[in-house]
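Going left to right, the sequence shown walks through residues 2 to 222 as our numbering numbers them. Encoded as structure tokens, the structure appears first; notes follow it.
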Amino acid sequence: MFVAAMLHFFFLAVFTWMLLEGVQLYRMVVLVFNATMRPLYLYAVGYGTPLFIVIISACVRPNGYGTKKYCWLSTDDGFVWSFFGPVCLVIFVNVFFFLITVWKLSSVCNLYHSPVIFIDLPFSPSFFSVCRAFTVTAVAQMCILGLMWVSGVFLFQEDPPVAVSYIFTIFNSLQGALVFIMHCLLSKQVRIQYICAKLRVDMMLRPKLKQHENVYLKKNQ
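Okay, here's the thing in structure tokens:
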């Protein structure tokens, strides 16, 4: 029961943070409000909302966590929709945000390629590239999680198709690697920070290497 409740909480937290990502993207591109939300508010919503849903679900139906076959939510009396309901809501809201964002970015892209020189652009080219990269990452992440849990709807039923089990397992196993690739390897800001950290380490080690080199030269003279 405890493991099923923790899975419920953490999976809801994943989608809640994805919703916050969509909200932040909407603020940046559509509202042109280049300010990050306070971390305290993000943590309160990102983890407080899933915790509230899990507590309410456990109070309403304590025996809904864990089944004879799965360490997950029971499908009896629609209890599993305490997870799939918020997930569907998040996907629907994020699709709305992303459609508006892509439309806004496409219109701004047309302005950058406009022959008119003096034109009032909503934001700078560098900020536009950041928003575009952020949008691609967010949309790709939503597609991965969305496809995984669309198959998950059919997985936790009596005698689910084998193909659905394979699809869910493949997407679930690749989820962490794909998120790492999109948010770290493909992120220019992360690469810059990695290079800066590597340079700092090299600068810290350089005096020690020079000292060892001098000691070695003295011994071999």
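Idealized CB from N, CA, C, for every residue including glycine.
By DSSP's criteria, residue i is part of a beta bridge. Which residues make up the other side?
i: Tyr167; result: Answer is none; Tyr167 lacks a bridge partner.
i: Leu74; result: Tyr66
Taking 6 Å as the limit between beta carbons, can you name the residues of its chain near residue i, skipping five residues before and five after?
i: Ala5; result: Tyr66, Gly67, Cys72 and Trp73
i: Thr50; result: Thr17
Can you tell me whether residue i is buried or exposed, with buried defined as 16 or more other CB within 10 angstroms of its CB?
i: Tyr27; result: buried
i: Asn64; result: exposed
Whole angstroms is fine: what's the gap from residue i's alpha carbon to residue j's?
i: Ile57; j: Phe11; result: 15 Å
i: Pro87; j: Ala14; result: 11 Å
i: Val46; j: Cys60; result: 21 Å
i: Phe16; j: Trp150; result: 11 Å
i: Met204; j: Phe99; result: 43 Å
i: Val202; j: Ile196; result: 10 Å
i: Arg62; j: Ile54; result: 12 Å
i: Ser75; j: Met7; result: 14 Å
i: Lys105; j: Val191; result: 26 Å
i: Leu43; j: Ile171; result: 30 Å
i: Leu175; j: Met29; result: 29 Å
i: Gly177; j: Val96; result: 22 Å
i: Leu179; j: Val163; result: 24 Å
i: Ser188; j: Phe3; result: 36 Å
i: Ile101; j: Leu186; result: 27 Å
i: Met143; j: Trp82; result: 19 Å
DSSP three-state label for residue i, please.
i: Leu20; result: helix
i: Pro162; result: coil
i: Met38; result: coil
i: Leu187; result: coil
i: Met204; result: helix
i: Leu11; result: One detail in the question is off: residue 11 reads as Phe in this sequence, not Leu. Helix.
i: Met149; result: helix
i: Phe99; result: helix
i: Met2; result: coil
i: Leu32; result: coil
Which same chain residues end up closer than 7 Å to residue i when comparing Cβ atoms and leaving out the 5 residues on each side of it in sequence?
i: Ala141; result: Met183
i: Leu20; result: Val91, Val94 and Asn95
To which residues of the same chain is residue i closer than 8 Å at the C-beta, ignoring the five residues directly before and after it?
i: Gly77; result: One point to set straight first is that residue 77 is Asp, not Gly, in the sequence displayed. Excluding sequence neighbours, Asp77 sits near Gly65.
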